[in-house]
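Undergrad: Take 98 as the starting number for the sequence shown in this note's numbering and just add one per residue.
Have a look at this one.
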Amino acid sequence: MLQLPLVVTAQVDVVLLLVSFLSLWTRLTQLGYPNAVVFDEVYYGQFVSLYMKRVFFIDDSGPPLGHMILALGAYLGGFDGNFVWNRIGAEYPSSVSVVGLRLLPAVCGSLCVPLVYLLTLELRFSHLAALGAAVLLLLENSLIVQSRFMLLESVLIFFLLLAAFSYLRFHNAAPHSVFRFGWLLLSGASCAAAVGVKYMGVFSYLLLLGVASLHTWNLIGDRTVSHLSVCVQCVCRAVCLLVVPLLLYVFWFYVHLTLLHRSGPHDQLMSSAFQASLEGGLSRITQGQPLEVAYGSQVTLRSSASQPIPCWLHSHKVNYPIRYENGRGSSHQQQVTCYPFKDVNNWWIIKDPDRQDLVVSSPPRPVRHGDVIQLLHGMTSRFLNSHDVAAPMSPHSQEVSGYIDFNVSMPAQNLWRVDVLNREAESESWKTILSDVRLVHVNTSAVLKLSGVSLPDWGFRQLEVVAEKHFKSQSVGWTVEEHRYGTSQEQKEREAELHSPTHIDVDRKISFWAKFLELQWKMLTVKLEDSEHKYSSSPLEWVTMETNIAYWLHSSTNAQIHLIGNPVSWGVANLSLLAYQLLAAIYLLRRRRGFKDLPDGAWCQFVCLGCVCVGGWLVNFVPFLLMEKTLFLYHYLPALCYLHLLTPALLEHTHTHLLSRATHRRALCVCVTAVLVSVFLSYRTFCPLTYGSPELSANQLQGLKWRDSWDILYRRR
98 MLQLPLVVTA
108 QVDVVLLLVS
118 FLSLWTRLTQ
128 LGYPNAVVFD
138 EVYYGQFVSL
148 YMKRVFFIDD
158 SGPPLGHMIL
168 ALGAYLGGFD
178 GNFVWNRIGA
188 EYPSSVSVVG
198 LRLLPAVCGS
208 LCVPLVYLLT
218 LELRFSHLAA
228 LGAAVLLLLE
238 NSLIVQSRFM
248 LLESVLIFFL
258 LLAAFSYLRF
268 HNAAPHSVFR
278 FGWLLLSGAS
288 CAAAVGVKYM
298 GVFSYLLLLG
308 VASLHTWNLI
318 GDRTVSHLSV
328 CVQCVCRAVC
338 LLVVPLLLYV
348 FWFYVHLTLL
358 HRSGPHDQLM
368 SSAFQASLEG
378 GLSRITQGQP
388 LEVAYGSQVT
398 LRSSASQPIP
408 CWLHSHKVNY
418 PIRYENGRGS
428 SHQQQVTCYP
438 FKDVNNWWII
448 KDPDRQDLVV
458 SSPPRPVRHG
468 DVIQLLHGMT
478 SRFLNSHDVA
488 APMSPHSQEV
498 SGYIDFNVSM
508 PAQNLWRVDV
518 LNREAESESW
528 KTILSDVRLV
538 HVNTSAVLKL
548 SGVSLPDWGF
558 RQLEVVAEKH
568 FKSQSVGWTV
578 EEHRYGTSQE
588 QKEREAELHS
598 PTHIDVDRKI
608 SFWAKFLELQ
618 WKMLTVKLED
628 SEHKYSSSPL
638 EWVTMETNIA
648 YWLHSSTNAQ
658 IHLIGNPVSW
668 GVANLSLLAY
678 QLLAAIYLLR
688 RRRGFKDLPD
698 GAWCQFVCLG
708 CVCVGGWLVN
718 FVPFLLMEKT
728 LFLYHYLPAL
738 CYLHLLTPAL
748 LEHTHTHLLS
758 RATHRRALCV
768 CVTAVLVSVF
778 LSYRTFCPLT
788 YGSPELSANQ
798 LQGLKWRDSW
808 DILYRRR
């Protein structure tokens with residue numbers, strides 16, 4: 098029977114509560130200051146505004162989850178997207194909740210401190226070591242600065258630490274614990290979130306998968322566990338760490354594409370089919386066009402190789418020069434180019450070579466894969482032609498022209514075979530927007546393609562179109578973007594028809610999976626901007642903190658905010674990394690010689706520490722050495738967090754297993770205390786540059802320039 102009174106006993110970690118409170122206080126205090134755009138807020142703010150307006154965009158820096166988290170904070174703060182993010186330092190109007198914009202990154206940055214505390218405990222180190230790791234993160238000026246603004250690094254670090262903590266919690270839990278696989282599921286979800294914030298999260302995810310694979314391999318070899326239990330656990334681990342992250346990753350994009358359903362500034366980076374699925378923009382032109390291209394159809398042909406700027410097959414009433422600058426001769430026929438703007442000269446008519454009709458019959462006769470056609474330029478009535486004449490800028494390829502009969506023994510060669518590259522059936526018809534077609538010149542078997550070279554002034558700097566026999570299949574496709582059924586046989590009537598709009602109110606969409614795959618490819622291949630920045634830096638400069646970043650400077654005073662690390666904790670982190678590597682090398686050499694300096698439990702703990710901390714540092718630092726992109730100091734912060742986690746754990750290992758004399762241990766404690774005091778004093782010293790207040794004089798700012806390479810700004814009065 099139920100016994101009264103009911104008594105609930107709870108254990109509360111007061112130290113955890115204390116570091117959590119201090120973390121929230123250091124990250125959330127005066128979050129609305131400064132009331133101005135700070136550094137990369139000008140970049141992320143544009144995407145937040147587009148989310149508020151449901152306008153499509155593409156960001157080559159990473160997947161959409163991070164942007165959606167920032168947009169969620171802005172939405173909860175009542176932001177309507179009506180703010181022009183045009184410069185750093187621009188004042189926010191009273192209608193914009195600055196705290197709302199910055200709140201979620203600040204909360205994520207605050208939660209990183211207690212997470213490091215708990216993660217240290219899961220590595221089987223003491224509460225004192227966990228407190229040391231929490232204090233190092235708590236007093237790290239660079240992490241505070243990065244957490245207090247509408248930026249993504251704090252969000253990324255939070256999910257990386259949560260994934261590692263959740264997995265270790267799962268691994269250390271009792272085999273029959275009810276919540277054990279809940280922690281594994283949380284770990285998989287956190288990995289998906291980390292990758293969804295920035296692609297750099299992939300490397301930490303792979304590290305965790307490697308550790309999990311090793312643990313699973315050991316489980317398979319454990320004869321004390323039944324076969325059924327091993328199978329069940331392996332399936333659960335695969336589902337939680339492979340299937341769930343993949344599904345969640347796709348889900349982030351589903352939400353992203355569902356929210357952003359309107360045409361935007363980045364439409365031109367996407368295919369015609371993708372653009373036509375968005376409200377406004379291209380869909381206003383192409384919506385409701387006839388689906389099947391037929392003989393007599395009037396079309397514009399967009400090159401699939403014209404990225405990121407689109408261009409369309411084009412011709413105009415100008416001929417190739419008789420001779421080029423290098424003395425080579427041409428056919429002197431009408432120029433055919435690729436033009437990056439909408440123009441009436443982009444229209445072509447699909448003609449049956451066996452008939453004279455230039456209008457669509459009733460019923461329409463669709464063009465199918467393998468059919469031979471002629472392409473008649475709508476405004477000049479010249480047939481698309483190629484022949485054994487070298488192209489103007491690409492002499493290894495054939496010239497493409499609008500055929501003119503000069504009666505010089507150069508007959509027309511204007512037949513083209515239609516190859517539908519993405520067809521599902523051999524006889525599939527040529528479809529508007531959906532079909533990617535290759536146009537093969539019948540006489541020479543060369544393929545119509547964009548060379549990518551700009552023509553000289555005589556070609557109006559438009560892009561060269563050639564016919565090439567040796568080609569790469571992915572760069573020769575053409576897509577019908579605008580399409581209508583021709584109804585006018587006479588030239589003047591046809592010209593008037595070509596000038597008229599094509600819009601018909603009928604809806605047609607492409608599938609989510611087609612949009613998802615295309616967006617993935619664009620994000621991985623398209624680079625929107627790759628220019629040097631005043632505050633860009635190389636990865637090797639991060640380790641020694643050779644650089645800083647001026648985030649914000651008051652318009653009239655010396656108040657300013659810098660991304661700058663705590664020099665003392667930064668130096669201690671580097672020493673810890675070197676010390677661990679040296680110690681690991683010594684241990685391995687001695688173990689190879691048969692000397693076991695550590696008990697098996699301590700050795701496993703030491704190896705696990707290296708896998709998590711040194712491994713975490715490596716996967717978050719080394720990839721940047723191989724990247725050809727503009728990099729900044731804040732890219733180093735995820736790697737730095739692992740070194741701050743390593744430092745106190747390595748000190749405890751030294752105190753417990755390497756120092757046997759009480760005198761040496763007391764000396765170590767004194768040194769650690771002195772270092773912690775130095776870390777705090779360094780934090781206090783740089784607080785004016787961390788929070789932007791109080792304002793310092795020019796001499797005081799000059800005194801904070803501990804390295805000549807730091808760029809600290811000030812006004813002399």
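Note that CB positions come from ideal geometry on N, CA and C, so glycine has one too.
Using DSSP with H/G/I as helix, E/B as strand and the rest coil, what is V689?
TA: As a working note, residue 689 is residue 592 in the sequence shown. In the sequence on display, residue 689 carries Arg and not Val. DSSP places R689 in helix when its eight states are reduced to three.
Undergrad: Give me the Cα-Cα distance between L220 and C710, rounded to the nearest whole angstrom.
TA: Position 123 of the sequence shown, counted from the first residue, corresponds to residue 220. Position 613 of the sequence shown, counted from the first residue, corresponds to residue 710. C-alpha separation (whole angstroms): 10 Å.
Undergrad: What are the start and end residues of the alpha helix (DSSP H) that includes G712?
TA: Here residue 712 is taken as the residue at index 615 of the sequence shown, counted from 1. First-last of the alpha helix (DSSP H) with G712: 712-722.
Undergrad: Could you round the C-beta distance between L728 and S634 to whole angstroms and report it? I think they count as a contact, below 8 Å.
TA: As a first step, residue 728 is located in the sequence shown; it is residue number 631 there, counting from the start. As a first step, residue 634 is located in the sequence shown; it is residue number 537 there, counting from the start. Confirmed, Cβ separation roughly 6 Å.
Undergrad: Once DSSP output is grouped into helix, strand and coil, what is the label at D604?
TA: The count along the sequence shown starts at 1 and reaches residue 604 at position 507. Any reading at D604 must be qualified, since the residue scores a pLDDT of 44, below 50, and its modelled position is unreliable; no value is offered.
Undergrad: Verify whether the separation of the beta carbon atoms of S666 and L743 is less than 8 Å.
TA: Here residue 666 corresponds to residue number 569 of the sequence shown, with the count starting at 1. Here residue 743 corresponds to residue number 646 of the sequence shown, with the count starting at 1. The answer is no: Cβ separation not under 8 Å.
Undergrad: Please name the residue in F721, F609, C701 whose C-alpha comes closest to that of E638.
TA: The count along the sequence shown starts at 1 and reaches residue 638 at position 541. If we check each option's Cα against that of E638, F721 comes out closest.
Undergrad: Is DSSP giving G800 helix, strand or coil here?
TA: Walking along the sequence shown from the start, residue 800 turns up at place 703. G800 falls in the helix class under three-state DSSP.
Undergrad: Alpha carbon to alpha carbon, what distance is there between L259 and L212?
TA: The residue labelled residue 212 in the question sits at position 115 within the sequence shown. The residue labelled residue 259 in the question sits at position 162 within the sequence shown. One C-alpha to the other measures close to 7 Å.
Undergrad: May I ask you to report which of helix, strand or coil DSSP gives K150?
TA: Numbered from its first residue, the sequence shown carries residue 150 at position 53. Correct three-state label for K150: coil.
Undergrad: What do you reckon, are the CB atoms on W575 and V534 nearer than 8 Å?
TA: Within the sequence shown, residue 575 is the residue found at index 478, counting from 1. Within the sequence shown, residue 534 is the residue found at index 437, counting from 1. Yes, they are a contact pair.
Undergrad: Quick one, are the C-beta atoms of L325 and V294 less than 8 Å apart?
TA: As a working mapping, residue 325 is identified with position 228 in the sequence shown. As a working mapping, residue 294 is identified with position 197 in the sequence shown. Result no, Cβ atoms of L325 and V294 do not sit closer than 8 Å.
Undergrad: Kindly indicate which three-state DSSP category Q471 falls into: helix, strand or coil?
TA: Residue numbering aside, residue 471 sits at position 374 when the sequence shown is read from its first letter. Three-state result, Q471: strand.
Undergrad: Go ahead and label I601 buried or exposed: buried means 16 or more other beta carbons lie within 10 angstroms of its beta carbon, across all protein chains shown.
TA: One-based indexing of the sequence shown puts residue 601 at position 504. For I601, the predicted model reports a pLDDT of 42, less than 50, meaning its position is unreliable; a value from the coordinates is still stated below. Exposed, because fewer than 16 other Cβ atoms sit within 10 Å of the Cβ of I601.
Undergrad: Just the C-alpha distance for L755 and F777, rounded to the nearest angstrom, thanks.
TA: Counting from 1 along the sequence shown, the entry for residue 755 is found at position 658. Counting from 1 along the sequence shown, the entry for residue 777 is found at position 680. C-alpha separation (whole angstroms): 27 Å.
Undergrad: According to DSSP, is K619 helix, strand or coil?
TA: Locating residue 619 in the sequence shown gives position 522, counting from the first residue. Three-state result, K619: helix.
Undergrad: In the DSSP assignment, the alpha helix (DSSP H) including C205 goes from what residue to what residue?
TA: Residue mapping note: residue 205 aligns to position 108 of the sequence shown, counting from 1. Taken as a continuous stretch (DSSP letters only), the alpha helix (DSSP H) holding C205 covers 195-219.
Undergrad: Please identify the residue among H273, L560, H466 whose C-alpha is closest to the C-alpha of A488.
TA: Taking the first residue of the sequence shown as position 1, residue 488 is located at position 391. It is L560 whose Cα lies nearest to the Cα of A488.
Undergrad: With respect to the alpha helix (DSSP H) encompassing N269, which residues constitute its N-terminal and C-terminal limits?
TA: Looking up residue 269 in the sequence shown gives position 172. From DSSP, the alpha helix (DSSP H) with N269 extends over 250-269.
Undergrad: Which first and last residues belong to the beta strand (DSSP E) in which D697 is found?
TA: Taking the first residue of the sequence shown as position 1, residue 697 is located at position 600. Note, D697: premise wrong, no beta strand (DSSP E); alpha helix (DSSP H) at 697-706.
Undergrad: Smallest Cα separation from L410: which of P131, V299, I809, S548?
TA: Position 313 of the sequence shown, counted from the start, is the residue given in the question as residue 410. Answer by Cα proximity: S548.
Undergrad: Helix, strand or coil: which one does DSSP assign to Y392?
TA: Counting from one through the sequence shown, the residue named residue 392 turns up at place 295. If DSSP states are grouped into helix, strand and coil, Y392 belongs with coil.
Undergrad: Do P161 and F350 have their CB atoms nearer than 8 Å?
TA: Within the sequence shown, numbered from 1, the residue matching residue 161 stands at position 64. Within the sequence shown, numbered from 1, the residue matching residue 350 stands at position 253. Yes, the pair counts as a contact, with Cβ atoms nearer than the cut-off.
Undergrad: Around the C-beta of G698, are 16 or more other C-beta atoms found within 10 angstroms, so that it is buried, or is it exposed?
TA: The count along the sequence shown starts at 1 and reaches residue 698 at position 601. Result: exposed.
Undergrad: Tell me the DSSP bridge mates of V528?
TA: To locate residue 528, count along the sequence shown from 1; it is residue 431. What sits at residue 528 in the sequence shown is Lys, not Val. Bridge partners of K528: E389.
Undergrad: How far does the alpha helix (DSSP H) with G279 in it reach, from first residue to last?
TA: Mapped onto the sequence shown, residue 279 falls at position 182. That run of the alpha helix (DSSP H) goes 277-294.
Undergrad: Can you tell which of T397, K439, N655, V340 has the C-alpha that lies nearest to the C-alpha of Q799?
TA: Your numbering for residue 799 matches position 702 in the sequence shown. Taking only the C-alpha atoms, the option nearest Q799 is N655.
Undergrad: Taking Cβ to Cβ, would you say L304 is nearer than 8 Å to L734?
TA: The residue labelled residue 304 in the question sits at position 207 within the sequence shown. The residue labelled residue 734 in the question sits at position 637 within the sequence shown. No, these two residues do not count as a Cβ contact at 8 Å.
Undergrad: Could you tell me which of V539, T397, V716 sits nearest to G298, measuring between CA atoms?
TA: Position 201 of the sequence shown, counted from the start, is the residue given in the question as residue 298. G298 has its Cα closest to that of V716, out of V539, T397, V716.
Undergrad: Taking the straight line between their C-alpha atoms, what separation do you get for G129 and D805?
TA: Numbered from 1 along the sequence shown, position 32 holds the residue referred to as residue 129. Numbered from 1 along the sequence shown, position 708 holds the residue referred to as residue 805. Roughly 32 Å between the two C-alpha positions.
Undergrad: Going straight from the alpha carbon of D319 to that of H312, what length do you get?
TA: Position 222 of the sequence shown, counted from the first residue, corresponds to residue 319. Position 215 of the sequence shown, counted from the first residue, corresponds to residue 312. Their backbone Cα atoms lie some 11 Å apart in a straight line.
Undergrad: Measuring only the C-alpha atoms, how far is V242 from T787?
TA: Here residue 242 corresponds to residue number 145 of the sequence shown, with the count starting at 1. Here residue 787 corresponds to residue number 690 of the sequence shown, with the count starting at 1. For V242 and T787, the distance between alpha carbons rounds to 6 Å.
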